[in-house]
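K.L.:
Numbering-wise, the sequence shown is residues 27 to 289 according to our numbering.
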Amino acid sequence: MLNFTFSIVDFEYYLMILVRVVSFFQVAPFFRLPGVPGRIKIGLCAMVSLLVFENTDLTGLHYEGVMEYGFLVMEEALVGMSLGFALYACDAIITFAGTLIDMYIGFSMAQEYNPVTQQQNSVTGTMYDNLIMLLLLTTSMYHYVVSAICDTFKLMPVGGIVVQWDHLYEAVLGYITNLFLLGFRISLPVFACMLVMNAVLGVMAKVAPQMNMFAVGMQIKIIVGLVIIMLTLFLLPYVADFLATEMKTLFVDILKGFYDART
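Structural data, given as structure tokens:
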């Protein structure tokens with residue numbers, strides 16, 4: 027049963043929980059989209075924070091003065107944004123793979139505004155990003171996003187944050203490594219076809235030097251690249267599944283950097 031009798035101390039605890047939840051949803055995928063109404067975001071954050079407050083033991087939290095309370099609020103905001111970024115950062119893998127594909131087929135000069143990231147992205151990267159997000163929505167990935175922030179209060183209660191810099195360093199380094207490896211693996215079919223076609227064009231340039239292979243090759247690259255992209259679209263569900271696994275792995279790695287596993 028919910029207890030709606032709030033004291034000043036309880037309200038201060040609730041605000042710290044709300045800060046972590048709001049910071050998380052402001053960065054996490056699905057909920058940070060510009061199309062989601064602000065009232066829906068505020069209501070969701072308030073309800074999730076209230077449910078967490080009613081199921082969290084806050085007797086061990088102690089602070090003195092406004093300054094110490096302010097530092098605790100800043101810690102909660104930092105944790106929420108870091109965990110939200112851990113889920114949203116994997117979206118950069120898809121964007122990076124699309125940028126590589128556009129560079130291979132000659133679309134790198136064409137940029138378009140992505141309303142999700144609110145910045146200029148490549149054409150293929152924006153298409154892949156939208157398709158992957160739709161696939162993750164169909165698998166109810168947003169349920170994991172909501173449950174993930176709620177479960178963090180079991181490992182990291184309010185005021186019990188212990189920064190483990192070695193875990194954070196390993197998590198960020200591993201993410202940067204996977205960004206390049208996974209991005210290249212996603213764009214590998216287009217890269218292999220472009221490599222073979224460039225070799226064929228090089229041979230033809232030697233056989234028939236009177237032909238301008240540079241002008242002919244640009245059109246051929248675009249056509250072949252678009253064909254390969256269409257033929258490999260059936261692989262996107264596997265990419266979405268693998269990306270969801272990477273999101274969970276990075277979330278756990280970042281989470282380990284904010285609490286002491288020995289306690």
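Cβ atoms here follow ideal geometry from the backbone N, Cα and C, with glycine treated the same way.
Note that the coordinates shown come from a computational prediction; the quantities given were computed from them, not determined experimentally.
1. State buried or exposed for threonine 150, treating a residue as buried only when at least 16 other CB atoms are found within 10 Å of its CB.
2. Quick check: what's the CA-CA separation for aspartate 83 versus methionine 182?
3. Just to confirm my understanding: we take asparagine 204, look at its own chain, exclude 5 residues before and 5 after, and list those with CB closer than 6 Å. What are they?
4. For the beta strand (DSSP E) that contains asparagine 147, what are its first and last residues?
5. Determine the burial state of alanine 225: buried for a count of at least 16 other Cβ atoms within 10 Å of its Cβ, exposed for fewer.
6. On a CA-only basis, which of Pro215, Phe277, Asp267 and Leu276 is nearest valine 250? Give me that one, please.
7. Would you be able to state if there are at least three C-beta pairs under 8 Å between the region 106–123 and the region 68–77?
8. Taking the straight line between their C-alpha atoms, what separation do you get for aspartate 117 and glycine 186?
9. Tell me which residues share the same chain as leucine 44 and place their Cβ nearer than 8 Å to its Cβ, disregarding the 5 neighbours each side in the sequence.
10. Could you tell me which of Met273, Arg46, Ile248 and Phe56 sits nearest to alanine 197, measuring between CA atoms?
11. Going by beta carbon distance, what residues of the same chain come within less than 6 Å of leucine 157, once the five residues before and after it are set aside?
12. Measuring CB to CB, does phenylalanine 50 end up less than 8 Å from isoleucine 175?
P.N.:
On the basis of the coordinates in this document:
1. buried
2. 11 Å
3. none
4. 145–148
5. exposed
6. Pro215
7. no
8. 30 Å
9. Cys71, Ala72 and Ser75
10. Met273
11. Leu262
12. yes
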